[in-house]
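Just so we're aligned, residue 1 is where the sequence shown starts under the working numbering, counting upward by one. Step one of this worksheet: look at the structure below.
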Amino acid sequence: MAEQPLDRPVWHALTGLQARHAVGGPLALRFHPEIGPLAAAASDDEPGLLALAALLPEEGGLATVHARPHPLPPGAMLDQARPAVQMIADSAPDPFDHPDIRPLGHRDAAEMHELALLTEPGPFAARTHELGQFWGIRAEGRLIAMAGERMRLPGLGEVSAVCVRPDARGRGLGMLMTRKAMSHIAAQGLQPFLHCYADNAAAIELYRRLGFRIRSEMVISRIRRA
């Protein structure tokens, strides 16, 4: 079966609608380091892997999202490879709003980054919020929940960074944030999709209830210089 854009979503985002955020060349690209560590090669052959290796930073690493494990680039080592699922919503969600949900922007960037580091929803850097609209809920002046948009492909928008501060969990905030992000993406005429670690059964069940289905098993890997 021919590879589909969602099988290699980072590559197709960076060669398409989000090309302005791309760093690299014709065989491998990554998001600008301040946006995040996501990277991809055009293919898993030797030229593609060599080009991906050239993007590895001296410190830190890169993250890849693939429908199957891929060979390590020359001179790289694997820090982590976590099974994940890619989920997609087949029908457009109803418009959704909630009085506690507010749009987030540049002035909220530090708090957004702090919440992402605390809850680890996936790669999130200082300027990740520039990829799309993010939304949040505050309590007593603190950002306690958020979600937003990350990758964008033709006809598709990714729900990302769904996270809730640990002391605010159990109140349905994750569902509220996901519904808001889904609704915003669908209002732009896009089909929502997302990625979730395969061992996060509670989140997968939540997303199913909201209308997502598993499209594909994925692998989210973190690599760095050996």
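C-beta: ideal position from N, C-alpha, C; glycine also. Small disclaimer: the values here were computed from a predicted structure and weren't measured.
Have a look at ALA39, GLY24, MET175 and flag the residue whose alpha-carbon is nearest the alpha-carbon of SER61. In the sequence as displayed, the identity of residue 61 is Gly instead of Ser. The shortest C-alpha separation from GLY61 is found at ALA39.
Could you tell me how far apart the beta carbons of ILE220 and ARG82 are, in whole angstroms, since I believe they sit closer than 8 Å? Sure, about 5 Å apart at Cβ, within 8 Å.
If you compare alpha carbons, which of ILE204, GLY211, GLY36, ARG142 is closest to ALA84? The candidate whose alpha carbon is nearest that of ALA84 is ILE204.
Does the distance from the C-beta atom of ILE223 to that of LEU72 stay below 8 Å? Their beta carbons are under 8 Å apart, which means ILE223 touches LEU72 by this criterion.
Just curious, the beta strand (DSSP E) that GLY48 is in, first and last residue? For GLY48, there is no enclosing beta strand (DSSP E); the residue is part of the alpha helix (DSSP H) that begins and ends at 46-54.
Whole-angstrom distance between HIS12 and LEU29, CA atom to CA atom: Cα to Cα, the separation comes out at about 10 Å.
I need the DSSP call for PRO83, collapsed to helix, strand or coil. In the structure shown, PRO83 falls within a strand segment according to DSSP collapsed to helix, strand and coil.
If you draw a straight line from the C-alpha of ALA22 to the C-alpha of HIS32, how long is it? When rounded, the distance between both Cα atoms is 6 Å.
Burial state of GLU114 (16 or more Cβ within 10 Å): The residue in question, GLU114, is exposed, as its Cβ has fewer than 16 Cβ neighbours within 10 Å.
Whole-angstrom distance between GLY75 and LEU14, CA atom to CA atom: LEU14 and GLY75: Cα-Cα distance of roughly 24 Å.
Host beta strand (DSSP E) of THR263 (start-end): It is not possible to answer for residue 263, since the shown part of the chain is limited to 1 through 226.
Report the rounded CA-to-CA distance for ALA139 versus GLU3, giving the unit in angstroms. When rounded, the distance between both Cα atoms is 44 Å.
Straight-line CA distance for HIS70 to GLY48? Straight-line measurement puts the Cα of GLY48 at about 11 Å from the Cα of HIS70.
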